[in-house]
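A.B. asks: This structure is in C-alpha cells; I'll ask about it shortly.
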Amino acid sequence: MKFTKIATIVFTVLAVGMVIMSGIMKFVAPPEMAEKMSQLGIGSYLPMLGLMEITFALLYAWSKTMRIGFVLLSCYFAGALAVELAHAQPFNALLPMGLVWVSAFLRDREVFGVA
C-alpha cells in the first residue's frame, strides 16, 4: 500500500512537472523551438499553447479537478500526436501522455471504468 502511494506521487509529480515545463518553454520560445513550430504551422500559437498546458496540468494536479484535467490533457496530447503524425515528426507527446495516464490510473481507477 505504501509503495502504491509513493508511486502515485512520483508519477503525478513527473507528469505535472513535465507538462508545466513544456508550457513554460512555449512561453520562452527559444529560437530553434519557435522555428520548428513555425514549420509545423503553429508558431504563432505558442503562448496560447503554453497557457493551455500549464492550466490543464494545474487542473490535473488538484484532486478535485483531476478528472477534467485528465480529459483536457489527454485531448491536448492527442492533438499534439496528430500534428506529429501528419508532419512525420518523432512522437514527443507520447511520454507526457503516458505519464499522465499511468498517474491517473494510480490516482483514480474509475477514470478508466475500473472500480
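Residue numbers (this note's numbering): 13 to 127. C-beta atoms are modelled at their ideal positions from N, C-alpha and C, and glycine is treated no differently.
If I follow the unbroken alpha helix (DSSP H) through Pro-102, where does it start and stop?
C.D. replies: Careful: Pro-102 lies outside any alpha helix (DSSP H) and carries neither H nor E.
A.B. asks: Compare the Cα-Cα distances from Gly-29 to each of Val-126, Phe-15, Ala-73 and Gly-55 and report the closest residue.
C.D. replies: Of Val-126, Phe-15, Ala-73 and Gly-55, the residue nearest in Cα terms is Ala-73.
A.B. asks: With H, G and I counted as helix, E and B as strand and the rest as coil, what does DSSP make of Gly-125?
C.D. replies: In this structure, Gly-125 counts as coil in the three-state DSSP scheme.
A.B. asks: Quick one: what does DSSP say Ile-54 is sitting in, helix, strand or coil?
C.D. replies: Three-state result, Ile-54: coil.
A.B. asks: Could you say if the segment 99-118 and the segment 37-47 meet the contact criterion of at least three C-beta pairs nearer than 8 Å?
C.D. replies: Cβ pair count under 8 Å is below three, so no.
A.B. asks: Quick one: give me the first and last residue of the alpha helix (DSSP H) that Met-13 is part of.
C.D. replies: Segment: none, Met-13 is in no alpha helix (DSSP H) and carries neither H nor E.
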